[in-house]
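Worksheet: the structure to be examined is printed underneath.
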Amino acid sequence: MKNKFRFLFLGDIFGKPGRRSLLSNLKDIQKEMNVDFTVANGENLAHGNGINEKGFYEVLEAGVDVVTSGNHLFGVKQVLKIIDETDQLLIPANYPKGVPGQRLGIYEVAKGLKTMIINLHGRVLINTEFDCPFRTLEDLLAKYSDFEGPIWVDFHAEATSEKRAMGLYFDGKISGIFGTHTHIQTSDERIMPNGTAYITDLGMCGPYDSVIGITLKSVIKNFLYSTPSRFEVASSQPSIQGIAVDYSVKDAKAVHIERVFRQY
Ligand SMILES: [Fe+2]
Numbered sequence: 205m206k207n208k209f210r211f212l213f214l215g216d217i218f219g220k221p222g223r224r225s226l227l228s229n230l231k232d233i234q235k236e237m238n239v240d241f242t243v244a245n246g247e248n249l250a251h252g253n254g255i256n257e258k259g260f261y262e263v264l265e266a267g268v269d270v271v272t273s274g275n276h277l278f279g280v281k282q283v284l285k286i287i288d289e290t291d292q293l294l295i296p297a298n299y300p301k302g303v304p305g306q307r308l309g310i311y312e313v314a315k316g317l318k319t320m321i322i323n324l325h326g327r328v329l330i331n332t333e334f335d336c337p338f339r340t341l342e343d344l345l346a347k348y349s350d351f352e353g354p355i356w357v358d359f360h361a362e363a364t365s366e367k368r369a370m371g372l373y374f375d376g377k378i379s380g381i382f383g384t385h386t387h388i389q390t391s392d393e394r395i396m397p398n399g400t401a402y403i404t405d406l407g408m409c410g411p412y413d414s415v416i417g418i419t420l421k422s423v424i425k426n427f428l429y430s431t432p433s434r435f436e437v438a439s440s441q442p443s444i445q446g447i448a449v450d451y452s453v454k455d456a457k458a459v460h461i462e463r464v465f466r467q468y
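Counting from 1, position 12 in the sequence shown corresponds to residue 216 in the numbering used here; the numbering is continuous, with no gaps.
Here's what the structure looks like:
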């Protein structure tokens with residue numbers, strides 16, 4: 205078995221432009237960058253809100269291995285069917301007890317290497333009716349303390365402070381933690397002092413020339429007049445954003461992180 209494995213983590217897939225950019229380009233990126241495993245946040249993949257069946261399977265066909273989610277998970281009712289039929293969709297592990305869905309996934313990357321993916325949800329400046337993400341992760345790590353492969357966390361959260369605190373608190377305890385939800389890629393990717401790979405936000409797979417995926421025309425009334433309007437998914441400049449992380453089996457930790465930012 206080889207020693208280094210490359211993981212690709214992609215920011216929120218936004219509507220058809222996001223799905224199309226992945227269908228057209230992800231396999232080329234994976235080949236060019238020698239990617240072994242790909243995770244993407246998909247909570248906005250259906251028209252910018254929720255996860256529909258057609259869109260979900262399009263994203264898998266494009267080359268995504270696991271789809272994580274967040275506050276818009278239940279935006280489309282069809283998601284309940286997807287939850288029933290696949291183990292490739294994760295819901296935030298700190299959803300209150302009783303919410304349907306898989307809260308953690310263990311997947312084979314290659315013969316002899318399994319990886320664990322966990323999705324969590326923030327509670328600052330966003331929906332607050334979630335259990336504590338910090339304690340949820342602590343409990344999961346204690347429960348799976350025998351797990352030997354890389355453990356990665358998608359922390360779907362609004363506040364940079366909450367994401368930074370989460371990253372530093374779990375530095376050295378997991379392989380990597382990556383923020384999603386703001387759709388704006390940050391430039392603070394690094395391997396933290398105790399060896400955990402980190403970035404505050406992965407960015408977005410979707411129309412870059414937009415207001416986090418939406419046309420300016422359809423959203424500006426909200427800002428100018430505080431009146432609601434119907435959001436339209438923008439169609440310009442599809443982009444693919446995220447990070448690639450190399451995991452060393454010998455060192456049992458992330459050894460390299462780099463940003464991915466492509467525009468088409
Ligand atoms: Fe979100």
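Ideal Cβ placement from N, Cα and C applies to all residues, glycine included.
Just verifying my parser: in three-state terms, what is the DSSP assignment at residue 150?
Not covered by the structure: residue 150. The range shown for the chain is 205 to 468.
Backbone secondary structure at residue 228 - three-state DSSP
Numbered from 1 along the sequence shown, position 24 holds the residue referred to as residue 228. Looking at residue 228 - three-state DSSP - the assignment turns out to be helix.
DSSP on residue 308, reduced to helix/strand/coil?
For the purposes of this step, residue 308 is identified with residue 104 of the sequence shown, where counting begins at 1. Strand, per DSSP.
Grab me the residues of residue 379's own chain with a C-beta within less than 7 Å of its C-beta, minus the 5 sequence neighbours each way, in chain order.
For the purposes of this step, residue 379 is identified with residue 175 of the sequence shown, where counting begins at 1. Around residue 379: 354, 355, 356, 400, 401, 451, 457 and 458.
Could you work out which residue in 314, 359 and 329 is closest to residue 308 when comparing CA atoms only?
Working through the sequence shown from its first residue, we reach residue 308 at position 104. Out of 314, 359 and 329, 359 has the C-alpha closest to the C-alpha of residue 308.
Please confirm whether any heavy atom of ligand 1 lies closer than 6 Å to the CB of residue 385.
Position 181 of the sequence shown, counting from 1, holds the residue named residue 385. Because some heavy atom of ligand 1 lies under 6 Å away, the Cβ of residue 385 counts as near it: yes.
Please state whether DSSP places residue 292 in a helix, a strand or coil.
Numbered from its first residue, the sequence shown carries residue 292 at position 88. Three-state DSSP puts residue 292 in coil, outside helix and strand.
Which residues mark the beginning and the end of the alpha helix (DSSP H) in which residue 364 is found?
The residue given as residue 364 occupies position 160 in the sequence shown. Segment 364-373, the alpha helix (DSSP H) holding residue 364.
Under 6 Å from any heavy atom of ligand 1, does the C-beta of residue 222 make it?
Within the sequence shown, numbered from 1, the residue matching residue 222 stands at position 18. Not so, every heavy atom of ligand 1 lies at least 6 Å from the Cβ.
Please state whether DSSP places residue 452 in a helix, a strand or coil.
Position 248 of the sequence shown holds residue 452. Here residue 452 sits in strand by DSSP.
Assuming residue 215 and residue 445 make a contact with CB atoms under 8 Å, what is their CB distance in whole Å?
Counting from 1 along the sequence shown, the entry for residue 215 is found at position 11. Counting from 1 along the sequence shown, the entry for residue 445 is found at position 241. Contact holds; Cβ gap of about 5 Å.
Just to confirm, does residue 410 get its C-beta within under 6 Å of one of the non-hydrogen atoms of ligand 1?
Looking up residue 410 in the sequence shown gives position 206. No, the Cβ of residue 410 stays beyond 6 Å of every heavy atom of ligand 1.
Using CA atoms only, rank isn't needed, just tell me which of 453, 369 and 427 is closest to residue 337.
Here residue 337 refers to the residue found at position 133 when the sequence shown is read from its first residue. For residue 337, the nearest C-alpha among the options comes from 369.
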